[in-house]
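A.B. asks: Shown below is the structure under consideration.
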Amino acid sequence: SKDDLVTEYLVSRDQPSLQAFQDWYDAAEGGVADKVTAIFENVAKNALHPRWKGCGFLRTVVELADKPGHPAVKVGAAHKKRFEDWLASEFSKAGLSDPEKTARTVILLMEGAFAISMFHKDPDYILQAGRSASAIVASASKKV
135 SKDDLVTEYL VSRDQPSLQA FQDWYDAAEG GVADKVTAIF ENVAKNALHP RWKGCGFLRT
195 VVELADKPGH PAVKVGAAHK KRFEDWLASE FSKAGLSDPE KTARTVILLM EGAFAISMFH
255 KDPDYILQAG RSASAIVASA SKKV
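Those letters in the sequence shown? Residues 135 to 278, by our numbering.
What follows is the structure, given as structure tokens:
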């Protein structure tokens, strides 16, 4: 069914998407704030592609907003939570104060960047969100 296809598509995108974020983070020079900036910069670079349509997980959840128990919504929520948990783990390793709260804030900025850039087709929104995320991460680093 269409529902099964959508769900399976998201399942197939889960690990590759998370791996891309991890690769961008690991490849970035500098401290944890610079590494967070690199994630946003790479998303912005991808947003320049003419066929880029934003985050498939976000688009699917919006499309199925009236069906919170839908399997694809559950897959999307689990994906976002895995990304948040991975960030919190990285922030904890880096010694940030309150790594879970900081990860949640970065996720909020990422999701907002995905959403607004879909409206305006302008990756500068993603870059600005990345600068904000970097400043928040740098601030959490100084409080340690």
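Even for Gly, the Cβ is constructed at its ideal location relative to N, Cα and C.
1. Using the Cα positions of Gly-188 and Met-252, report the straight-line distance between them to the nearest angstrom.
2. What residue range is occupied by the uninterrupted alpha helix (DSSP H) comprising Lys-235?
3. Would you check if there are 3 or more beta carbon pairs closer than 8 Å linking the stretch 229 to 247 to the stretch 158 to 165?
4. Going by beta carbon distance, what residues of the same chain come within less than 6 Å of Ser-268, once the five residues before and after it are set aside?
5. Report yes or no: do the stretch 188 to 204 and the stretch 136 to 154 share at least 3 C-beta pairs separated by less than 8 Å?
6. Between the Cα of Glu-245 and the Cα atoms of Ala-274, Ala-222, Ser-223 and Ala-211, which residue gives the shortest distance?
7. Once you ignore the five residues that flank Asn-180 on each side, which residues in its own chain have a CB closer than 7 Å to its CB?
8. Distance check for Tyr-159 and Asn-176, CA to CA, integer angstroms please.
9. Would you mind reading off the limits of the alpha helix (DSSP H) that contains Pro-205?
10. Could you tell me whether the Cβ atoms of Leu-198 and Ala-249 are closer together than 8 Å?
11. For the putative contact between Ala-178 and Ile-260, defined by C-beta atoms under 8 Å, what is the C-beta separation to the nearest angstrom?
12. For Leu-261, which three-state DSSP category applies?
13. Check the C-beta distance from Leu-243 over to Ala-228 and give it rounded, since I have them as a contact under 8 Å.
14. Taking just the CA atoms, how far does Lys-276 sit from Leu-230?
15. If you reduce the DSSP assignment to three classes, tell me which class Asp-160 lands in.
C.D. replies: The relevant details are as follows:
1. As a position in the sequence shown, residue 188 is number 54, starting the count at 1. As a position in the sequence shown, residue 252 is number 118, starting the count at 1. Gly-188 and Met-252: Cα-Cα distance of roughly 6 Å.
2. Walking along the sequence shown from the start, residue 235 turns up at place 101. Unbroken alpha helix (DSSP H) run through Lys-235: 233 to 254.
3. Here the stretch 229 to 247 does not lie against the stretch 158 to 165, with fewer than 3 beta-carbon pairs under 8 Å apart.
4. As a position in the sequence shown, residue 268 is number 134, starting the count at 1. Answer for Ser-268: Ala-167, Val-170 and Thr-171, listed in chain order.
5. Between the stretch 188 to 204 and the stretch 136 to 154 there are three or more inter-stretch CB-CB distances shorter than 8 Å, so the stretches are counted as touching.
6. If you number the sequence shown from 1, residue 245 lands on position 111. Looking at the Cα atoms, Ala-211 is the closest of the given residues.
7. Taking the first residue of the sequence shown as 1, we reach residue 180 at position 46. Beyond the five residues adjoining it in sequence on each side, Asn-180 comes within less than 7 Å, by CB distance, of Trp-186 in the same chain, given in chain order.
8. Residue 176 sits at position 42 when you count from the first residue of the sequence shown. Residue 159 sits at position 25 when you count from the first residue of the sequence shown. Each residue's Cα considered, the two are about 10 Å apart.
9. For this step, residue 205 is matched to residue 71 along the sequence shown. Here the alpha helix (DSSP H) through Pro-205 covers 205 to 227.
10. Residue numbering aside, residue 198 sits at position 64 when the sequence shown is read from its first letter. Residue numbering aside, residue 249 sits at position 115 when the sequence shown is read from its first letter. Ala-249 is positioned such that its CB atom lies no closer than 8 Å to that of Leu-198.
11. Position 44 of the sequence shown, counted from the first residue, corresponds to residue 178. Position 126 of the sequence shown, counted from the first residue, corresponds to residue 260. Correct: roughly 4 Å between the Cβ atoms.
12. Counted from its first residue, the sequence shown places residue 261 at position 127. In this structure, Leu-261 counts as helix in the three-state DSSP scheme.
13. If you number the sequence shown from 1, residue 243 lands on position 109. If you number the sequence shown from 1, residue 228 lands on position 94. Actually they do not touch by this definition, with Cβ atoms about 18 Å apart.
14. Translated into the one-based positions of the sequence shown, residue 230 becomes position 96. Translated into the one-based positions of the sequence shown, residue 276 becomes position 142. Going from the Cα of Leu-230 to the Cα of Lys-276 covers about 8 Å.
15. Taking the sequence shown and counting its residues from 1, one reaches residue 160 at position 26. When secondary structure is reduced to three states using DSSP, Asp-160 falls in the helix class.
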